[in-house]
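Colleague: For the sequence shown, our numbering begins at 3 and goes up steadily by one. Glycine included, every Cβ here is placed at the ideal spot set by N, Cα and C. What you are looking at is a predicted structure, and each value in this text was computed from that prediction instead of being measured. Below is the structure I would like to discuss, written out as structure tokens.
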Amino acid sequence: SALTTINPKKAKVMIQKLADFLRYTLSNNEKQKNKLSEELRNIKLYLEIEKIRFEDKFDYIEKINEECKQVEVPNMILQPLIENAIKHAVYETLDKVTLTLTCTQENEFLKINLTNNYDLETETKNGSGIGLKNIEGRLELLYGMDNLLQVKKTDDTFSVSMYIPLNDELN
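This is the structure we're talking about:
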């Protein structure tokens with residue numbers, strides 16, 4: 003791409019980070035689940051790639067309770083969630099976007115929440131919602147329950163909450 007011509011050093015860093023991200027993806031391809039801590043490491047790799055692309059257009063804040071990090075979650079379940087926020091919030095606005103990922107244990111569930119601000123005036127009209135539908139479908143197939151993905155939208159905030167059953171035989 004143009005990055006290799008404009009800024010070869012930045013392009014080299016991006017290629018290295020992309021290689022690390024793909025290595026994780028391929029090495030965990032056969033796994034159904036991973037510890038949340040592993041998924042968070044992968045998300046950080048993905049976000050480092052996007053930071054090279056978008057520079058200071060977004061901040062990422064992580065508020066994860068320590069007990070959550072050892073819980074197994076579906077493999078690669080967080081990446082499309084983060085990608086959705088990048089695509090529909092960061093890419094579509096000139097304003098700085100803050101992505102906040104939180105995780106807590108609530109009753110019999112691990113609750114993972116991603117919240118981001120967005121500009122209502124530049125809200126994307128061309129999204130089909132396939133990324134969130136795919137996540138919802140995976141959760142339903144794995145756990146046999148619906149309503150494990152909840153979306154809330156206000157005038158300037160988009161929030162997705164994912165609920166992972168803690169006492170499932172897969173955990």
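1. On a CA-only basis, which of Val15, Ala87 and Ile114 is nearest Ser39? Give me that one, please.
2. Can you tell me where the beta strand (DSSP E) holding Met164 begins and where it ends?
3. Would you mind sorting Asn118 into buried or exposed? The rule is 16 or more other CB atoms within 10 Å of its CB.
4. Skipping 5 residues on each side, what residues in its chain have a beta carbon closer than 7 Å to that of Lys35?
5. Please report the straight-line C-alpha distance between Phe111 and Thr7, rounded to a whole angstrom.
6. Considering Leu249, what are the terminal residues of the alpha helix (DSSP H) in which it resides?
7. Output needed for Asn67: all residues of its chain with C-beta closer than 8 Å, excluding positions within five of it in sequence on either side, in chain order.
8. Hey, is Glu94's beta-carbon within less than 8 Å of any beta-carbon in chain B?
9. Distance, Cα to Cα, Gln18 vs Asn30?
10. Taking its Cβ as the centre, do 16 or more other Cβ atoms sit within 10 Å of Ala21, making it buried, or is it exposed?
11. Tell me, which residues are paired with Thr117 by DSSP?
12. Report the three-state DSSP secondary structure of Tyr93 (helix, strand or coil).
13. According to the Cβ coordinates, are Phe56 and Leu101 closer than 8 Å?
14. Please work out which residues of its chain come closer than 7 Å, Cβ to Cβ, to Pro82, disregarding the five sequence neighbours upstream and downstream, and give them in chain order.
Modeller: The short version:
1. Counting from one through the sequence shown, the residue named residue 39 turns up at place 37. Of the listed residues, the one whose Cα sits closest to Ser39 is Ile114.
2. Position 162 of the sequence shown, counted from the first residue, corresponds to residue 164. Here the beta strand (DSSP E) through Met164 covers Thr159 to Pro167.
3. As a working mapping, residue 118 is identified with position 116 in the sequence shown. Result: buried.
4. Translated into positions along the sequence shown, residue 35 becomes position 33. Hits under 7 Å: Glu74, Val75, Pro76, Asn77 and Leu172.
5. To locate residue 111, count along the sequence shown from 1; it is residue 109. To locate residue 7, count along the sequence shown from 1; it is residue 5. Here the alpha carbon of Phe111 sits roughly 48 Å from the alpha carbon of Thr7.
6. Missing from the structure shown is residue 249; the chain here goes from 3 to 173 and no further.
7. What you label residue 67 is simply residue 65 of the sequence shown in a count that begins at 1. Around Asn67: Cys105, Thr106 and Gln107.
8. Here chain B cannot be found, since the structure has a single protein chain.
9. Here residue 18 refers to the residue found at position 16 when the sequence shown is read from its first residue. Here residue 30 refers to the residue found at position 28 when the sequence shown is read from its first residue. Roughly 19 Å separates the two Cα atoms.
10. As a position in the sequence shown, residue 21 is number 19, starting the count at 1. By the 16-neighbour rule on beta-carbons within 10 angstroms, Ala21 is exposed.
11. One-based indexing of the sequence shown puts residue 117 at position 115. Per the DSSP secondary-structure output, Thr117 pairs in a beta bridge with Thr102 and Ser161.
12. Against the sequence shown, residue 93 aligns to sequence position 91. Tyr93 falls in the coil class under three-state DSSP.
13. Locating residue 56 in the sequence shown gives position 54, where the first residue counts as 1. Locating residue 101 in the sequence shown gives position 99, where the first residue counts as 1. No, they are not a contact pair.
14. Against the sequence shown, residue 82 aligns to sequence position 80. Cβ neighbours of Pro82 within its own chain (closer than 7 Å, five residues either side excluded): Gly133, Asn136 and Ile137.
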